[in-house]
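Residues in the sequence shown are numbered consecutively from 52, following our numbering.
Working notes for the structure below.
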Amino acid sequence: MKSNQPTTKATERTRILGIDPGLSSTGWGMIECFRNDYKLIAKGAVKTTTKQDFPARLLTIYNAIHSVIETYTPAILAIEKTIYAKNIQIALTLGHVRGLLVLAAVQKNLAFAEYTPKEIKASITGNGNASKLQVQKMVQSLFAMKEMPTPHDIADALATAMCHFHRSRY
């Protein structure tokens with residue numbers, strides 16, 4: 052695996068895949084960066100249901116993100132760190148999801164970066180304690196979207212990609 056906090060050279064066109072991991076909904080957003088400019092390439096959310104057993108849900112997420120990586124060829128995967136969870140079971144579940152997302156990145160030799168929710172929010176809104184709605188509105192503004200990105204997992208994924216873009220330029 053490459054450096055944990057990769058940098059993006061200002062002279063290279065680079066694609067960053069931002070991911071907000073979750074078992075029910077994993078948001079993803081692909082941006083392309085060049086010098087000080089960026090643009091939205093694609094976005095989406097991988098949904099699973101409780102009708103699927105746990106391994107099937109993980110496989111659904113892995114296959115979908117693997118397909119996104121194959122289709123859009125990012126250089127970097129930026130992911131939200133899990134800092135705390137309401138209970139240990141949620142933390143363990145998120146650990147499984149994050150692990151398979153890192154595996155998908157490593158298999159394609161992508162650089163890997165991770166950021167805390169506070170780092171992402173501060174990078175996008177200027178406030179590390181911003182609400183989900185504030186993040187959604189800022190992402191909508193940054194990418195000149197007609198509608199607010201929903202579900203919020205997509206906005207969080209795009210915010211994660213933008214956080215990496217901002218951090219890697221300096």
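All C-beta atoms, glycine included, are put in the ideal place defined by N, C-alpha and C.
Query: Straight-line Cα distance separating Asn160 from Lys53; Result: Only weak support is given to the placement of Lys53: the predicted model assigns it a pLDDT of 39, under 50, and the value that follows is read from those uncertain coordinates. Approximately 8 Å between the Cα atoms of the pair.
Query: Residue range of the beta strand (DSSP E) that includes Asp71; Result: Thr65 to Asp71
Query: Distance, Ile175 Cα to Met189 Cα; Result: 7 Å
Query: C-beta contact flag for Asp71 and Ala208 at 8 Å; Result: yes
Query: Sheet register partners of Met196 (DSSP bridge); Result: Answer by DSSP bridge pairing: none, since Met196 is not bridged.
Query: Simplified DSSP state of Ile134, which is helix, strand or coil; Result: coil
Query: Whole-angstrom distance between Gln140 and Asp204, CA atom to CA atom; Result: 20 Å
Query: C-alpha gap between Val157 and Ile127, whole angstroms; Result: 10 Å
Query: Close beta carbons around Ala210, own chain, < 6 Å, minus the five adjacent residues each side; Result: Ile171, Ile175, Val186 and Val190
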